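Residue numbers (the numbering used here): 3 to 325.
Even for Gly, the Cβ is constructed at its ideal location relative to N, Cα and C.
Just so it is clear, the structure is predicted and the values come from calculations on it, not from any experiment.
A quick write-up on the structure given underneath.
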Ligand code: RIB
Ligand code: CA
């Protein structure tokens, strides 16, 4: 079994990612850690446990982490995810209690307890992961790779140039990207690429399986809020969002990446939170003057096999094991 941990701000598309991750027979989702982002921390914890309840995965530890970024105030994305962070579907709230330990302690515990190196999948502002790497840097020895949904090698969404997760906590993004842990940036360049057609999510919404029904309703919400977004192909289609990053973990062959220097813009102003990706291959005045490229070289996702990942997602929901 391969070992995975998700860090989430559930979040409509985080919920899709959780459903996909739990439904992978070759992967063990060791824990899910929560951070403020799409909604406040308490909401993220409740939403995460509600999704795991729908999956019958009440045994997966859930832990609360940072309630705000390292420097900035928390700023939610209710306009995309609804007031409750779960499309305001009025789902019955989970009655579970999260772990009493802080997310950073649970991350440390689960990474060290894993029999093989863990793939860490941040799908949210990276505050918890930055705190982990600064508090317990030795965990890097048992982290296979960090595959994070965040950043953009092109345009932003939270701002014209910055993606929400890196914009929400730029310092945390910088700490993680510059940590030296092998990393893949699953940014906006691929985030919107994999979509589910209206006929498919409508079918899911009538499934016998609670998790498939939930996925169908969440996809319908995403199709509504993102309607008209220039990055979404097809009328009525809904993007997989964070679930695409989980696809990239379980089936990396479907992702095209390039090893490129990435620097997070930390300065106050219009570019704050931007991931500056240096696509240039030749030397430049700047590199000559400063003895090399700025930023840290990580694997940046630039294209994705949409059909492959759409099939991966839908097959996980249609599996005969789940009705
Ligand atoms: O920019 C999109 C990202 O921000 C997604 O992870 C979404 O869930 C929000 O966290
Ligand atoms: Ca998210």
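With a threshold of 7 Å (Cβ to nearest heavy atom), would residue i be considered close to ligand 1?
i, result
"residue 165", "yes"
"residue 79", "yes"
"residue 13", "yes"
"residue 84", "no"
"residue 159", "yes"
"residue 244", "yes"
Beta-carbon within less than 7 Å of residue i's beta-carbon, same chain only, minus the 5 sequence neighbours each way: which residues are those?
i, result
"residue 59", "24"
"residue 28", "3 and 4"
"residue 263", "280, 295, 296, 297, 298 and 299"
"residue 207", "215, 218, 219 and 222"
"residue 106", "67, 130, 133, 134 and 137"
When DSSP labels each residue in this structure, what does residue i get in the three-state scheme?
i, result
"residue 256", "helix"
"residue 37", "coil"
"residue 325", "In this prediction, residue 325 scores a pLDDT of 47, lower than 50, which makes its location untrustworthy; the coordinate-derived value is nonetheless stated afterwards. The answer is coil: DSSP assigns residue 325 none of H, G, I, E or B."
"residue 21", "helix"
"residue 42", "coil"
"residue 146", "strand"
"residue 32", "strand"
"residue 192", "helix"
"residue 263", "strand"
Among the residues of its own chain, which have a CB less than 6 Å from the CB of residue i, if the five just before and after it don't count?
i, result
"residue 33", "7, 63, 108 and 112"
"residue 90", "84"
"residue 76", "38 and 70"
"residue 200", "238"
"residue 17", "53 and 220"
"residue 41", "78 and 87"
"residue 47", "36, 66 and 100"
If you drop the 5 nearest sequence neighbours on each side, which residues of the same chain put their C-beta closer than 8 Å to that of residue i?
i, result
"residue 325", "At residue 325 the pLDDT is 47, less than 50, meaning the model places this residue with poor confidence; the figure from the coordinates comes in the next sentence. Only 209, 210, 211 and 214 meet the Cβ criterion."
"residue 253", "310, 311 and 314"
"residue 320", "214"
From the options, pick the residue whose C-alpha is nearest to that of residue i; which is it?
i, options, result
"residue 96", "140, 118, 137 and 45", "45"
"residue 93", "250, 130, 54 and 127", "54"
"residue 310", "284, 197 and 266", "197"
"residue 240", "202, 26 and 154", "202"
"residue 133", "305, 290 and 173", "173"
"residue 100", "276, 65, 168 and 147", "65"
"residue 21", "161, 244, 290 and 171", "244"
"residue 258", "17, 283, 308 and 147", "308"
"residue 110", "143, 79 and 267", "143"
"residue 331", "179, 148 and 165", "It is not possible to answer for residue 331, since the shown part of the chain is limited to 3 through 325."
"residue 247", "148, 72 and 49", "148"
"residue 43", "73, 127 and 282", "127"
"residue 168", "287, 256, 72 and 56", "72"
"residue 191", "157, 121, 182 and 166", "157"
"residue 251", "150, 224, 267 and 57", "150"
"residue 175", "195, 193, 194 and 152", "152"
"residue 116", "10, 284 and 30", "30"
Does any heavy atom of ligand 2 sit closer than 7 Å to the C-beta of residue i?
i, result
"residue 126", "yes"
"residue 211", "no"
"residue 3", "no"
"residue 151", "yes"
Please find out if some non-hydrogen atom of ligand 4 comes closer than 7 Å to the beta-carbon of residue i.
i, result
"residue 39", "For ligand 4, the structure offers nothing, since it holds only ligand 1 and ligand 2."
Does residue i come within less than 8 Å of chain C when only Cβ atoms are used?
i, result
"residue 316", "Of the protein chains in the structure, only one exists, and it is not chain C."
Cβ contact (3+ pairs, closer than 8 Å) linking the stretch 182-189 and the stretch 72-88
no
For the 8 Å Cβ check, are there 3 or more pairs between the stretch 266-276 and the stretch 150-161?
yes
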